[in-house]
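I have placed the structure first, in the form of structure tokens, so that the comments after it can refer back to it.
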Amino acid sequence: MHTAISAKFINITAAALMGSALLFGANAAHAANSIVARVSLSQQVMEVSVDGRPTFAWKVSTGDRAHVTPTGSFKPTRMHEMWYSKKYDNAPMPHSVFFSGGYAVHATYAIKRLGQPASHGCVRLHPDNAADFYQLVETFGAANTSIVIVK
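Numbering (mature numbering (1 follows the signal peptide of the UniProt record, and there is no 0)) for the sequence shown: -31 to -1, 1 to 120.
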């Protein structure tokens, strides 16, 4: 774990807990914090809110014309620090957060294509952002994470 990332998440977690304490009183430390990652297919952006507070906005690449990215609300089903696509020539998928079958939010090395549809249906992020999202999901838990994909 990188020191800069650790400090970032300590601050996010502390702010979320403080916000919960203000809203829910003394038992707030036991309240579940949540992450909502909203992916806009038309804008090619993923906005991440932590405990209802906008925290990140990142460019993404989603499915191209020949490959659809599913829309709807999903929970992470599994996570892999490194995964290799069994369907697409063993393509690397670092920091994969799977949300529907073979669809995942993951890092891409094709960062020049971020901001435009370019994937086979997955949600691709810059490697730094994918690592941050992966750590957020790991920290807050899959049960407290929603991935919402809209047109």
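Cβ atoms here follow ideal geometry from the backbone N, Cα and C, with glycine treated the same way.
As the structure is a prediction and not an experimental result, all values here were calculated from the model.
Whole-angstrom Cβ separation of residue i and residue j, contact assumed at under 8 Å?
i, j, result
"P45", "A111", "4 Å"
"A79", "A87", "7 Å"
"G41", "G90", "About 13 Å separates the two Cβ atoms, so there is no contact after all."
"L10", "V119", "7 Å"
Would you say residue i and residue j are within 8 Å of each other, going by their C-beta atoms?
i, j, result
"V8", "V37", "no"
"N2", "F109", "yes"
"M15", "V92", "yes"
"Q51", "P61", "The amino acid occupying residue 51 in the given sequence is Met; Gln does not appear at that position. Result yes, Cβ atoms of M51 and P61 sit closer than 8 Å."
"residue 170", "V19", "This structure leaves residue 170 out entirely; the chain is present only between -31 and 120."
What residues match up with residue i in a beta bridge as DSSP calls it?
i, result
"Y72", "S69"
"H49", "S65"
"P86", "Answer is none; P86 lacks a bridge partner."
"L94", "A76"
"V19", "I4, R22"
Assign residue i to buried or exposed, taking buried as 16 or more other Cβ atoms, counted over all protein chains shown, within 10 Å of its Cβ.
i, result
"Y57", "exposed"
"A26", "exposed"
"Y72", "buried"
For residue i, which three-state DSSP category applies?
i, result
"T114", "strand"
"T31", "coil"
"V106", "helix"
"A100", "helix"
Got a sec: does the ligand SAH put a non-hydrogen atom nearer than 7 Å to the Cβ of residue i?
i, result
"P45", "In the structure on display, the ligand SAH does not appear, and there are no ligands present to speak of."
For residue i, would you say it is in contact with chain B, using Cβ-to-Cβ distances shorter than 8 Å as the test?
i, result
"R22", "The structure shown contains no chain B; it holds only a single protein chain."
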